[in-house]
Amino acid sequence: RFEDTDIDIYWGGYLGTEDEILLSGKLRDIIEDLERIRIEAKKKKGWLMDTYILRQPEETNE
495 RFEDTDIDIY WGGYLGTEDE ILLSGKLRDI IEDLERIRIE AKKKKGWLMD TYILRQPEET
555 NE
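Numbering (my numbering), first residue to last: 495 to 556.
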């Protein structure tokens with residue numbers, strides 16, 4: 495599963511509106527908050543339009 499890896503997530507809900515919500519970080523660190531925020535947002539407005547990008551961190555050659 496994705497949350498078991500070192501993947502970054504950039505998530506946004508209601509983009510471009512007054513109710514815009516943005517969240518980003520390591521997926522494994524924020525997955526519980528993200529799930530809670532999505533549930534609360536949908537419950538509040540009755541709908542949720544959201545999008546996300548998953549990205550593996552760039553490797554550094556040191």
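Quick reminder that beta carbons are idealized off the backbone N, C-alpha and C, glycines included.
From a predicted model like this one, the values you see are computed outputs, not experimental measurements.
- Residue burial annotation: Leu-528 is buried, with at least 16 other C-beta atoms found within 10 angstroms of its C-beta.
- Closest in C-alpha terms to Leu-548, from the list Lys-520, Gly-510, Gly-507, comes Lys-520.
- Cβ contact annotation for Tyr-504 (same chain, cutoff 6 Å, sequence separation greater than five): Ser-518, Ile-547, in chain order.
- Per DSSP, Asp-513 lies in no beta strand (DSSP E) and is assigned neither H nor E.
- For Ile-501, there is no enclosing alpha helix (DSSP H), as DSSP gives it neither H nor E.
- In this chain, Leu-521 is not harboured by any beta strand (DSSP E); it is covered by the alpha helix (DSSP H) spanning 521-539.
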